[in-house]
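> Can you read through this structure? Questions will come right after.
Protein chains: 2
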Amino acid sequence: MSDRSSKRACDLLVEAPWLLPVAPQNVALPDHAVAILNGRIAAVGPASELRADYAPQEHVRVDDGILTPGLVNAHCHAAMTLLRGAGEDLPLQAWLQDRIWPLEAALVDEDFVRIGTTLAAAEMLTSGTTTFTDMYFFPEIVAEVACRTGMRVQLAFPIFNGANVWASGVDECFHKGLALHDDYRGDSHVLVAFGPHAPYTVDQKSLEKILMLSQEINLGVHIHLHENAAEVAEARAQHGQTWVERLADIGLLNPQLQATHMTQLTRQEIDLVAANGVHIVHCPHSNLKLASGICPTTELAAAGCNIALGTDGASSNNTLNLLQEARTASLLAKVQAGRADAGNAHDVLAMATLGGARALGREDELGSIEVGKRADLVAFTPTGFAAQPLLDVIGSLIHGAPTHQARHVWVEGHALVRDGSLTTIDTQKLHRDVEQQAQRVRGAL
Amino acid sequence: MSDRSSKRACDLLVEAPWLLPVAPQNVALPDHAVAILNGRIAAVGPASELRADYAPQEHVRVDDGILTPGLVNAHCHAAMTLLRGAGEDLPLQAWLQDRIWPLEAALVDEDFVRIGTTLAAAEMLTSGTTTFTDMYFFPEIVAEVACRTGMRVQLAFPIFNGANVWASGVDECFHKGLALHDDYRGDSHVLVAFGPHAPYTVDQKSLEKILMLSQEINLGVHIHLHENAAEVAEARAQHGQTWVERLADIGLLNPQLQATHMTQLTRQEIDLVAANGVHIVHCPHSNLKLASGICPTTELAAAGCNIALGTDGASSNNTLNLLQEARTASLLAKVQAGRADAGNAHDVLAMATLGGARALGREDELGSIEVGKRADLVAFTPTGFAAQPLLDVIGSLIHGAPTHQARHVWVEGHALVRDGSLTTIDTQKLHRDVEQQAQRVRGAL
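Residue numbers (my numbering), protein chains in the order written: chain A, 217 to 661; chain B, 217 to 661.
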């Protein structure tokens, strides 16, 4: 009944047979639409109503599509895509000390990071990830790639004792990282966090400095923690306490901490991190591939922890597909709990979206399809015989994850993937650049 | 130097940048080719040599391709593709007794099996599987589908106590199954095996009859065994021994037995099945999804067992992609052993090919690219950003499994998939048929 003049303006109206808002939980809304204005979600509702109410600049109807919030990959070393497959099936220490670290020392420079991160961005965008946390050398280059591609990133700038390819030592890590924070202060796409590598590679004085600064300027702290049994045993041997206990003593167990991996936890440690509001980043494929263990997500969630999902780097995965990470998170939760109703499809979809947004402290802006949030959306389409028939929408998305492709991806209302094609990355140039870097890697293997 | 007249004839010459023969083990041969004559592999060698030696009727060069033997899916209930997603995230007993069994009783008939199995064949072929074991009602319909699509199948015809949709009781199961064996005697595509559902659903008299007949007419015996802890606890409570021990007493632990699942095994049971030459069929995704447990493949293999891989039915998986099953088998072996060098990429590729062929007693004909074997081949092509760069061919195929598509598939030298398209299945009719069956399923949910 409404004519165009009486309709509200919006930049984009997206509609699909199914919409999974994530909040409210465990809901699959049929034939729904999202109206987007100035990069924000202006309305969510039945497609017929929004069509009647809005006069959009652009109208996208995704046949067979499932609309979800943009996925948040809460732990990655993006540029390591260039080392994908460079150390298959090696024992952990040989993988790290004899293969990965020497390759990084020989190869990693600004170009390596620029090209590797662009490849990662291409892979993440085309599989539905709109925001990622990165922890790697040359984070200023990663920031440039994020801005150029339109992705959101949390840069957990690396802090180590000793020199590395990016900084001469821990002081320069702080100096460069804080400069980066100054450069991007107030930017909605680039967020900076402290990235102490692990409690065993950063001395106590630096950890205390991170605590002080993170509270003063309100930044997140992203750390590898209790990734495997060997490092926890070493902590006990050296310090008479675990790394979780040590961080508790320092005061770093707090709601700014993003504790990544966490495969080795006692019941007391689970309660301790939960009581202190620590965010958990679960990286299921990496933890399996490196034989590290399985993060006890069901227990952590029951204790009150927020859980996010990460892919880790491509050298220990080998893909950066967060939907597949969610599937594996579901499967592992089931076998770990011994209950087939554990790790249900909605819970892991929430980890892959709102859980990641919470870990980054951005749950007021990202992670669900709700009015007022930033318009980061994905339209997944089920493809191939393995996606038929569609009997359960959320179940199909998670348990049939390999069959779902991100056909359209929007960040802040801008289409970064349109009909399966990247809009902000020159893929032919990327292929050439990757092959050039791959020759360097092959030469160093 | 050779002209056409001096060249040898062959029907098909396939060449690719990489060939993984599986036997010999752990080898990736660059720029190799396979010559095929009368459905058999006539030669394997460097592409330049075979081009010089052979004058093929058809010559296929697969750019970027990785040639492997056709995959063998050693455990499936193919028609259950139509129940994909019909019971997501339910506790095991509710899934089986309140959801799957009532749906099957209400829906399964010849059409359901014909359409569901055709969908499964489409899914399996396009993901590189050329041979599958099926254990489902109306196996005579499954045989028809296999013949029509050109796939190879082992029909483990179902044997249960009590009536089901296919047979009025255990006697009719034997009668119909043995008739099927008579119908396909000597057929190279259809093999028949006994399919006792499980030791807890088939009485001792019938198990003894299966032993006697299987030895008399030399057929395999395919059974669900030690799938989860509850069934083993029940055996101990009812019989004072486990099902493995019970089958040992009957004499069924022998090289004809294909023991599927096997997630719950004592050290003694591992040695017992190994000493008796039992084949193990590992179904990693299904065992995770139903929270059953993890088959101890590394220990079983070390004890001398042959390991094959299966997808199980799509209602507990949800896909029938054997390469992804191999990836998960590798990941689980690593975390289970606590060693990142366990479950290496070649070992799980061998499980997915030669291990399956051995379980079916067909290792002299199938499972590797060797002269004299039947020409069941797959050309996988790495696709998308997640497949770049290619630094390790076998590692890429397994650890990057979701990125690999079966571009061409040959069975007995016939192309069943050509450039990604099925040659023996009318996919438009299949889509219509599947949607019609899906309506029946939705109506019964």
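A virtual CB, placed ideally from N, CA and C, is assigned to each residue, including glycine.
The structure presented is a predicted model; accordingly, all values stated were derived computationally and were not measured.
Could you pull the start and end residues of the beta strand (DSSP E) that glutamate 304 of chain A belongs to?
For this step, residue 304 of chain A is matched to residue 88 along the first sequence. Premise fails: glutamate 304 of chain A is in no beta strand (DSSP E) and is neither H nor E.
> Enumerate, from N- to C-terminal direction, the unbroken beta strand (DSSP E) stretches of 3 or more residues contained entirely within the stretch 437-498 of chain A.
Runs of the beta strand (DSSP E) inside the stretch 437-498 of chain A: 437-441, 473-477, 495-498.
> List the DSSP bridge partners of tryptophan 702 of chain A.
With chain A represented from 217 up to 661, any question about residue 702 of chain A goes unanswered, as that position is not in the structure.
> Anything in the stretch 237-251 of chain B with a Cβ closer than 8 Å to a Cβ of chain A? List those residues in chain order, please.
Under the 8 Å Cβ criterion, the stretch 237-251 of chain B contributes no residue.
> Return the CA-CA distance between valine 633 of chain B and threonine 346 of chain B, expressed in angstroms with no decimal places.
As a first step, residue 633 of chain B is located in the second sequence; it is residue number 417 there, counting from the start. As a first step, residue 346 of chain B is located in the second sequence; it is residue number 130 there, counting from the start. Spanning the two alpha carbons is a distance of roughly 10 Å.
> Quick one, which of B:Gly520, B:Leu235, B:Ser508, B:His391 has its alpha-carbon nearest asparagine 492 of chain B's?
Position 276 of the second sequence, counting from 1, holds the residue named residue 492 of chain B. Closest option to asparagine 492 of chain B, Cα to Cα, is B:Gly520.
> What do you reckon, is the C-beta of glutamine 653 of chain B under 7 Å from a heavy atom of the ligand PLP?
Looking for the ligand PLP in the displayed structure turns up nothing, as the structure carries no ligands at all.
> How close, in whole Å, do the beta carbons of histidine 663 of chain B and valine 489 of chain B come, if the pair is a contact with beta carbons under 8 Å?
As displayed, chain B neither begins before 217 nor continues past 661, which places residue 663 of chain B out of reach and without an answer.
> Buried or exposed for alanine 336 of chain A, please, with buried defined as at least 16 other CB atoms from any protein chain shown within 10 angstroms of its CB.
Numbered from its first residue, the first sequence carries residue 336 of chain A at position 120. With 16 or more Cβ atoms within 10 Å of its Cβ, alanine 336 of chain A is classed as buried.
> Alpha carbon to alpha carbon, what distance is there between arginine 483 of chain A and proline 415 of chain A?
In the first sequence, residue 415 of chain A corresponds to position 199, counting from 1. In the first sequence, residue 483 of chain A corresponds to position 267, counting from 1. Roughly 21 Å separates the two Cα atoms.
> Between which two residues does the alpha helix (DSSP H) carrying leucine 547 of chain B extend?
Position 331 of the second sequence holds residue 547 of chain B. From DSSP, the alpha helix (DSSP H) with leucine 547 of chain B extends over 538-553.
> Strictly below 8 Å CB to CB, what residues from chain A border isoleucine 316 of chain B?
On the second sequence, position 100 is the one that residue 316 of chain B refers to. The contacting residues do not exist; isoleucine 316 of chain B stays about 12 Å from chain A at best.
> Give the straight-line distance between the Cα atoms of alanine 591 of chain B and arginine 256 of chain B, rounded to the nearest whole angstrom.
On the second sequence, position 375 is the one that residue 591 of chain B refers to. On the second sequence, position 40 is the one that residue 256 of chain B refers to. Straight-line Cα distance between these residues: approximately 5 Å.
> Along chain A, which residues have their Cβ under 7 Å away from the Cβ of phenylalanine 601 of chain B?
Locating residue 601 of chain B in the second sequence gives position 385, where the first residue counts as 1. Under the 7 Å cutoff, chain A gives Leu335, Ala338, Glu339, Thr342.
> Go to histidine 413 of chain A, then tell me how far its alpha helix (DSSP H) extends in each direction, as first and last residue.
As a working note, residue 413 of chain A is residue 197 in the first sequence. Histidine 413 of chain A -> no alpha helix (DSSP H), and no H or E assigned at all.
> Do you know whose CA, among A:Ala545, A:Glu651, A:Ser430, A:Pro605, lies nearest glycine 467 of chain A's CA?
For the purposes of this step, residue 467 of chain A is taken as the residue at position 251 of the first sequence. Ranking A:Ala545, A:Glu651, A:Ser430, A:Pro605 by Cα distance to glycine 467 of chain A puts A:Ser430 first.
> With distance defined between alpha-carbon atoms, name the residue in A:Phe353, A:His624, A:Ala558 nearest to aspartate 635 of chain A.
If you number the first sequence from 1, residue 635 of chain A lands on position 419. The candidate whose alpha carbon is nearest that of aspartate 635 of chain A is A:His624.
> Under 8 Å, Cβ to Cβ, is there at least one residue of chain A near valine 406 of chain B?
Translated into positions along the second sequence, residue 406 of chain B becomes position 190. Chain A, which has no Cβ nearer than 8 Å to the Cβ of valine 406 of chain B, makes this no.
> Over what stretch of residues does the beta strand (DSSP E) that includes glutamine 621 of chain B continue unbroken?
The count along the second sequence starts at 1 and reaches residue 621 of chain B at position 405. Glutamine 621 of chain B -> beta strand (DSSP E) spans 620-627.
> In this structure, how does DSSP classify cysteine 226 of chain A when only helix, strand and coil are distinguished?
Here residue 226 of chain A refers to the residue found at position 10 of the first sequence. In the structure shown, cysteine 226 of chain A sits in a strand (DSSP, three-state: E or B).
> Indicate whether at least one CB of chain B lies closer than 8 Å to the CB of lysine 645 of chain A.
As a position in the first sequence, residue 645 of chain A is number 429, starting the count at 1. It does not: the Cβ of lysine 645 of chain A has no partner Cβ on chain B nearer than 8 Å.
> Helix, strand or coil, according to DSSP, for aspartate 403 of chain B in the structure here?
Sequence index remark: in the second sequence, residue 403 of chain B carries index 187 (1-based). DSSP places aspartate 403 of chain B in coil when its eight states are reduced to three.
> May I ask which residues mark the beginning and end of the beta strand (DSSP E) holding histidine 630 of chain A?
The residue given as residue 630 of chain A occupies position 414 in the first sequence. Run containing histidine 630 of chain A: 630-634, per the beta strand (DSSP E) assignment.
> With DSSP run on the structure shown, which of helix, strand or coil describes phenylalanine 354 of chain B?
On the second sequence, position 138 is the one that residue 354 of chain B refers to. Coil, per DSSP.
> CB-CB under 7 Å to histidine 647 of chain B, same chain, minus the five flanking residues each way: which ones, in chain order?
On the second sequence, position 431 is the one that residue 647 of chain B refers to. Answer for histidine 647 of chain B: no residue qualifies.
> With distance defined between alpha-carbon atoms, name the residue in A:Val406, A:Val418, A:Gln472, A:Val650 nearest to isoleucine 433 of chain A.
One-based indexing of the first sequence puts residue 433 of chain A at position 217. Considering only alpha carbons, the answer is A:Gln472.
> Find the residues of chain A that neighbour threonine 619 of chain B, judging by a C-beta separation of less than 7 Å, and give them in chain order.
For this step, residue 619 of chain B is matched to residue 403 along the second sequence. Result: Thr535.
> Measure the alpha-carbon distance for leucine 469 of chain A versus alanine 449 of chain A and round it to whole angstroms.
The residue you call residue 469 of chain A lines up with position 253 of the first sequence. The residue you call residue 449 of chain A lines up with position 233 of the first sequence. One C-alpha to the other measures close to 20 Å.
> Aspartate 279 of chain A: buried (16+ other C-beta within 10 angstroms of its C-beta) or exposed?
Mapped onto the first sequence, residue 279 of chain A falls at position 63. Looking at its Cβ environment, which holds fewer than 16 other Cβ atoms inside 10 Å, aspartate 279 of chain A is exposed.
> Among A:Asp557, A:Thr476, A:Thr597, A:Leu287, which has the Cα closest to the Cα of methionine 567 of chain A?
Numbered from 1 along the first sequence, position 351 holds the residue referred to as residue 567 of chain A. It is A:Leu287 whose Cα lies nearest to the Cα of methionine 567 of chain A.
> Determine whether the Cβ of tryptophan 311 of chain B lies closer than 8 Å to any Cβ atom of chain A.
Position 95 of the second sequence, counted from the start, is the residue given in the question as residue 311 of chain B. Judged by the 8 Å Cβ criterion, tryptophan 311 of chain B is in contact with chain A.
> What whole-angstrom Cβ distance do leucine 371 of chain A and valine 406 of chain A have, given they're in contact under 8 Å?
Residue numbering aside, residue 371 of chain A sits at position 155 when the first sequence is read from its first letter. Residue numbering aside, residue 406 of chain A sits at position 190 when the first sequence is read from its first letter. Sure, about 7 Å apart at Cβ, within 8 Å.
> Measuring only the C-alpha atoms, how far is lysine 392 of chain A from proline 355 of chain A?
As a working note, residue 392 of chain A is residue 176 in the first sequence. As a working note, residue 355 of chain A is residue 139 in the first sequence. Approximately 9 Å, taken between the alpha carbons.
> Can leucine 504 of chain B and valine 551 of chain A be called in contact, C-beta distance under 8 Å?
In the second sequence, counting from the first residue as 1, residue 504 of chain B sits at position 288. In the first sequence, counting from the first residue as 1, residue 551 of chain A sits at position 335. Yes, the pair counts as a contact, with Cβ atoms nearer than the cut-off.
> What do you get for tryptophan 694 of chain A, buried or exposed, if any count of 16 or more other CB atoms within 10 angstroms of its CB means buried?
Residue 694 of chain A falls outside the range modelled here, since chain A spans only 217 to 661, and no answer is possible.
> Which chain B residues are close to glutamine 665 of chain A, counting only those with a beta carbon under 7 Å from its beta carbon?
In this structure chain A extends from 217 to 661, so residue 665 of chain A is not present and cannot be described.
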